[in-house]
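Structure first, commentary second.
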Amino acid sequence: MADSRTFSATYRRIYAAVRLVPAGRVATYGDIAALAGLPGQARLVGYALHALPPHSTVPWHRIINARGGLSLERSGPGGGLAQRFLLESEGVAFEASGRVPLARYRYAPRRSHARAPR
DNA sequence: CATTTGACATCTT
DNA sequence: TAAGATGCCAAAT
Numbered sequence: 009m010a011d012s013r014t015f016s017a018t019y020r021r022i023y024a025a026v027r028l029v030p031a032g033r034v035a036t037y038g039d040i041a042a043l044a045g046l047p048g049q050a051r052l053v054g055y056a057l058h059a060l061p062p063h064s065t066v067p068w069h070r071i072i073n074a075r076g077g078l079s080l081e082r083s084g085p086g087g088g089l090a091q092r093f094l095l096e097s098e099g100v101a102f103e104a105s106g107r108v109p110l111a112r113y114r115y116a117p118r119r120s121h122a123r124a125p126r
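Rendered as structure tokens:
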């Protein structure tokens, strides 16, 4: 667990949503935020995962950005390698461009090919 | 208590 | 396609 008492209820919601993602599947920060009941708070998801203790059982590696890329790479070089390895271990294949085909592995797919109405 | 910062997403130029 | 700007929230300083 992610030291539930150390984190806010909001974070706990996020962690719970992340745990809903089955192995071999990925989800975007936005999806997790929506699952956690915090639509639009994708940023909080990323921050929550960053604050996640190493001993937690939360499958943080299954959370990627909307481009299908690993956000860890963006923050620090080499950081995404571990995440990529974990995902590949679960059967997630990466494209040559280094991205994950969301259309295939994305969990809780919303508007697969359409954009959100405004 | 106020300011800064951060594993993002989405729109606009 | 790329780059810049904005919104949102919590934790750290």
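Numbered by the numbering used here, the letters in the first sequence go through residues 9 to 126 in order. Where a beta carbon is used, it is the ideal one built from N, C-alpha and C, also for glycine. Note that the structure is a prediction, hence the values are computed from the model and not measured.
Cα-Cα separation between A10 and Q49, rounded to whole angstroms
Translated into the one-based positions of the first sequence, residue 10 becomes position 2. Translated into the one-based positions of the first sequence, residue 49 becomes position 41. Because A10 sits at a pLDDT of 44, beneath the cut-off of 50, its placement in the model cannot be relied upon, and the following sentence gives the value as read from the coordinates. Taking the straight line joining both Cα atoms gives about 20 Å.
I72 versus P47: straight-line alpha-carbon distance, rounded:
As a working mapping, residue 72 is identified with position 64 in the first sequence. As a working mapping, residue 47 is identified with position 39 in the first sequence. The alpha-carbon atoms of I72 and P47 are separated by roughly 16 Å.
Take R21 and list the residues in its own chain whose beta-carbon comes closer than 8 Å to its own, dropping the five residues that flank it on each side.
For this step, residue 21 is matched to residue 13 along the first sequence. Taking C-beta separations shorter than 8 Å and ignoring five residues to either side along the sequence, the partners of R21 in its chain run A44, G45 and L46, following chain order.
With DSSP as the reference, label V26 as helix, strand or coil.
Counted from its first residue, the first sequence places residue 26 at position 18. Of the three classes helix, strand and coil, the one that applies to V26 here is helix, per DSSP.
For the alpha helix (DSSP H) that contains E81, what are its first and last residues?
One-based indexing of the first sequence puts residue 81 at position 73. E81 -> alpha helix (DSSP H) spans S79 to S83.
Short of 7 Å in beta carbon distance, which residues of its chain neighbour L78, apart from the five on each side in sequence? Order them along the chain.
Mapped onto the first sequence, residue 78 falls at position 70. Closer than 7 Å at the Cβ level, and outside the excluded window around L78, lie I72, G88, Q91 and R92.
Short check: CB of R33 to CB of R114, under 9 Å?
As a working note, residue 33 is residue 25 in the first sequence. As a working note, residue 114 is residue 106 in the first sequence. Result yes, Cβ atoms of R33 and R114 sit closer than 9 Å.
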